[in-house]
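Working notes, beginning with the structure itself.
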Amino acid sequence: MGRYLLRRLLQLIPVFIGTTLIIYLLVWAIPGDPFAGKCGDRGCPPAYIAEMHEKYNLNDPLIVQYFKYLGKLLTGDFGETYAGIQISTLIQNAYPTTIKLAVVALVIEGIIGLAAGILTGLRGRGFLDNLVLVSTLFLISLPVFVTGFVLQITLGSELGIIKPTVSANPSIGELIVPGFVLGSLSMAYVARLTRTAMMENRHADFVRTAVAKGLEPKRVVGVHLLRNSLIPVITFLGTDLGTLMGGAIVTEGVFNIHGIGGLVFKSILTKEGATVTGIVTLLVLVYLLMNLLVDILYAVLDPRIRYD
Amino acid sequence: MRKGRLAAMVAAPLAVAMIATGCGGGGSGSGDDGIVTLDWGEPENPLVPANTTEENGGFVINALFTGLVDYRASDLKVENAVADSIESTDHQNYTIKLKPGWTFHDGTPVKAKNFVDAWNYNAYGPNGLQGASFFEQIDGYDQMQSEDPDGKDGPQQAPPPAAKELSGLKVVDDNTFTVRLKAPFTIFPVVLGYSAYMPLPDSFFKDPKAFEEHPIGNGPFKFESRVPNQELNVTAYENYAGANKPAIKGAKFKVYEQLDSAYQDLTAGNLDFLRAIPVSALIGDKWKQDLGEHAHQKPGLLTQTLGFPLYDPKFKNPLLRKAISMSIDRKTITQQVFAGGRDPADGFATAAVDGYRPNQCGEACEFNPEKAKQYLQQAGGFQGVLTVETNGDGGHNEWVQAVAASIKQNLGIETQFVPTPTFGEFRQKANGYKFSGLFRTGWKADYPNIETFLTQLYRTNASSNDYKYSNPAFDAALDKANAAPTIEAATAAYADAEKLLADDLPLIPLWTQPVQYGFSERIAEGEVKAYRELDLTTVRLKQ
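Quick mapping for you: the protein sequence lines, in order, are chains A and B. So in the working numbering, the last one in the first sequence is 313, and the numbering has no gaps at all. So in the working numbering, the last one in the second sequence is 1566, and the numbering has no gaps at all.
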């Protein structure tokens, strides 16, 4: 296991360099001078454009620019935006909110999704099963912005139970509705995944053996059935956390949460290359670490899986 | 029973969320602390006055700084602010006297030298400020710029310019300085309220970087704190020397990603001022029902136009240009695409500027498909496909497509909608004169005089004359207006010059954007300037 971990961690280095290089090239190789449109229809003075080119090393060949950027990045300097703001400050402001939101969403989708999946998986056909199947179908078919706006308008503007948008530094309570919106789609998938796995395993040999041995039903379900059924669900939840970190653009927009998703989106639109590269680099790291965590959890859940 | 189950299915996830947030509590806004919350966006540049040419930065700059003159919020009339008097006998040499007693937020007095130093710094090419070109009328501006000898992509650097200071500026004493312009410019005092002309404290020149992080102005509000991408706070400046002392304690500029979210906050009382209304709320005048007496509308300072590449021989004939313009059904498009959020244009300026005259465009801006076809025939028809180009990233696609369809339908010529991915690429095409068909243009006034809609856009070789329009008679008319004896006479003369454009039609005026804004229940009164900016000194809260 130790060697496996080390190997996985070493693999992060080439992946890190590769992704930042690709992102950097993609961002800066977009045709069109990022400063040509900066001053609106009036046009920027040439001196301004020259000054900005100098500041962002745009006069160098692309690959030289990249290594200059990487050199700074390794010393912890993410650079600054065109508005002169440290990108590390932007990330520091946005990341805690994003992590909070992603965890809230993950907890909501985990609790509700697993509970619904386990209940229906054990009971089988019936009213509850139909209820979960239809409501998950409903959630899957709704685009996120619809769920978001409907909840925002009904709970926020009409009923006044929540504020329509969250504050700059939101508490967990404020993030529950946005977290629900963000997690709703995955919640439906978790419920269905769990239900299917439970149903399949309910008739598996090892469950029959456990029942035949005369184990308590609680133990049969909790240890034998659930543990084996959770493997696909854990994979899903693990990669989902990565998606939640970077992909919350719509939800963040609706509830005016200043997180990572919106920041990347805006930076792409305004061609803030340095910001995009910096954040995507961090997102890549999150993905890699989550994948590693999921792989380790496999071995815990199913001792037959070994990595050495 | 069936109905009950369906309701249960919908309600189940909702109920969970509601129980969970039980403590969320209704929107209490910012309470009775005297702080007003405004919708805002992240500025594009550091908050240095002459480097701020866009709306979000300008909003804050105008709260933090007061210039020589101020534009009255209700009608944009020019009033002296820091200036005691701005005098000239020949409209080329101005003597500007300051009122004593003004101070910067760090306590240092506002002297004539603060203006002169700031202007010199702003105009100096190598400082690379976006607003540098606002000083081009002052004597000595050209000596402060330098050109790269081998072009932008060459290896050589531009040499340092010949001069570091504008030769046209002289400090006489602490409260007086003189300005010499290159040529007479009667409305120069009107221009001086623009953010590029604000004074800068001595501390700026010592450490511009520190200033960017904590701007120090001389305006009614002082900078307090800022969290990038989230909010910026200002508080009332107790030693403010202007007559328009703020009645509120401060303001919070809050960054919103989506206009719709800000609108929800406004209706829930979480936000006090929203400077634009989302299209979703304009439909069926929903916003007027939602906001009641707090919904306001007045003429704005933004125009939307389509330019002709006059450098392309295809578009040489003015009759053809007129025919295309007359085939566009402006009224229907503003209703259908913008839900009535735009006013069809009847000239080249908007109704909010000094010097506006109704119907300056005349017949050319009227929708008349019959006559349009007739003019097209007289012009000898149009060969090939008429392309209509826009940048795809600015939210313009819908109306440009509608205009292209309108031309096709009413004029019977083939049109094609051509989006360019980004505004940057679009501007490069414009700067390189590479359009082959109609292209999207627009203009936002910098100061409330009709001149702002004319000189930069249509004068021969002007900086934003993307059409390569050149008419000696129009240039002469501008010269005459520039040298007119009074501001009133100059303004009238500009309007006369505007009339000449209607015959040549270098571009098609489409519509102007009115300012539509909303207040929360807390605001008793407040004036919004025609450039969508709430004048914070006019805000009064309900007791």
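Glycine is no exception: its CB is placed at the ideal position from the N, C-alpha and C atoms. On a predicted model such as this, the values are computed, not experimentally measured, just so you know.
Would you say residue i reaches chain A, if we count a Cβ-Cβ gap shorter than 9 Å as a contact?
i, result
"L1559(B)", "no"
"P1149(B)", "yes"
"V1278(B)", "yes"
"G1050(B)", "Note that G1050(B) scores 37 on pLDDT, short of 50, meaning its location in the model is unreliable and no value can be drawn from it."
"P1072(B)", "no"
"T1044(B)", "Only weak support is given to the placement of T1044(B): the predicted model assigns it a pLDDT of 39, under 50, and the question is left unresolved by the model."
"E1448(B)", "yes"
"N1068(B)", "yes"
"T1464(B)", "yes"
"Y1554(B)", "no"
"N1420(B)", "no"
"A1291(B)", "yes"
"V1250(B)", "yes"
"A1181(B)", "yes"
"K1232(B)", "yes"
"A1259(B)", "no"
"E1077(B)", "yes"
Closest Cβ-Cβ distance between residue i and chain B: below 9 Å?
i, result
"G126(A)", "no"
"I27(A)", "no"
"A335(A)", "In the structure as shown, chain A begins at 6 and stops at 313. Residue 335(A) is therefore absent and cannot be evaluated."
Cβ atoms of residue j and residue i: under 9 Å apart, would you say?
i, j, result
"N1241(B)", "M1221(B)", "yes"
"Q1153(B)", "A1086(B)", "no"
"L1204(B)", "Y1117(B)", "yes"
"D65(A)", "K77(A)", "no"
"G161(A)", "V109(A)", "no"
"W1534(B)", "Q1359(B)", "no"
"P1251(B)", "I90(A)", "yes"
"I1058(B)", "G1292(B)", "no"
"I284(A)", "S272(A)", "yes"
"Y1481(B)", "Y1334(B)", "no"
"V1506(B)", "H1114(B)", "The amino acid at residue 1506(B) is misidentified as Val; the sequence shows Ala. Their beta carbons are under 9 Å apart, which means A1506(B) touches H1114(B) by this criterion."
"I1531(B)", "L1325(B)", "no"
Quickly, what does DSSP pair residue i with across the bridge? List them, please.
i, result
"L1204(B)", "I1161(B)"
"H1319(B)", "Y1540(B)"
"T244(A)", "DSSP output for T244(A) lists no bridge partner at all."
"T1410(B)", "Q1439(B)"
"R1463(B)", "L1329(B)"
"Q91(A)", "E85(A)"
"E1254(B)", "V1250(B), K1277(B)"
"P1367(B)", "W1534(B)"
"N1382(B)", "DSSP, once it has assigned bridges, lists no residue as partnering N1382(B)."
"D1062(B)", "K1277(B)"
"D1377(B)", "N1472(B)"
"A1259(B)", "F1244(B)"
Buried or exposed: residue i, going by 16 or more other Cβ atoms within 10 Å of its Cβ?
i, result
"P19(A)", "exposed"
"V1257(B)", "buried"
"E1102(B)", "exposed"
"V1(A)", "Residue 1(A) falls outside the range modelled here, since chain A spans only 6 to 313, and no answer is possible."
"Y1492(B)", "buried"
"P175(A)", "buried"
"G247(A)", "buried"
"G1050(B)", "With a pLDDT of 37 at G1050(B), under the threshold of 50, the modelled position of that residue is not reliable, and no figure is offered here."
"S146(A)", "exposed"
"G1385(B)", "exposed"
"R12(A)", "exposed"
"G1052(B)", "Bear in mind that the predicted position of G1052(B) carries a pLDDT of just 43, short of 50, making it unreliable; the figure below should be weighed with that in mind. Burial call: buried."
"P1183(B)", "exposed"
"K1275(B)", "buried"
"S177(A)", "First, the amino acid is wrong: residue 177(A) is Ile here, not Ser. Exposed: under 16 other Cβ atoms inside 10 Å."
"Q1383(B)", "buried"
"K1245(B)", "buried"
Practice task
Would you mind listing the alpha helix (DSSP H) stretches within the stretch 1094 to 1164 of chain B that are 4+ residues and don't spill past its ends, in chain order?
Solution key: Here the runs fully enclosed are 1135 to 1146.
Exercise for the section: Write down every uninterrupted run of the alpha helix (DSSP H) in the stretch 1486 to 1566 of chain B whose length is 4 residues or greater and which is fully enclosed by it, in chain order. Expected result: Correct list: 1495 to 1505, 1510 to 1527.
Handout entry: Complete alpha helix (DSSP H) runs within the stretch 145 to 172 of chain A (minimum length 4 residues, chain order)
Key = For the stretch 145 to 172 of chain A, whole alpha helix (DSSP H) runs of length 4 or above, ordered along the chain, are 149 to 156.
Problem - Entirely enclosed alpha helix (DSSP H) segments - the stretch 97 to 121 of chain A, minimum 4 residues - result: Segments of the alpha helix (DSSP H) lying fully in the stretch 97 to 121 of chain A: there are none.
Handout entry: Secondary structure, beta strand (DSSP E): runs of 3+ residues fully inside the stretch 1270 to 1340 of chain B
Key = Those beta strand (DSSP E) runs which fall completely within the stretch 1270 to 1340 of chain B and span 3+ residues are 1273 to 1278, 1318 to 1330.
Handout entry: Minimum length 4: unbroken alpha helix (DSSP H) runs contained in the stretch 1182 to 1251 of chain B
Key = The qualifying runs are 1211 to 1214, 1225 to 1229, 1231 to 1236.
Exercise for the section: Any chance you could list the beta strand (DSSP E) runs of at least 3 consecutive residues sitting entirely within the stretch 236 to 302 of chain A, in chain order? Expected result: Counting only runs of 3 or more, we get nothing.
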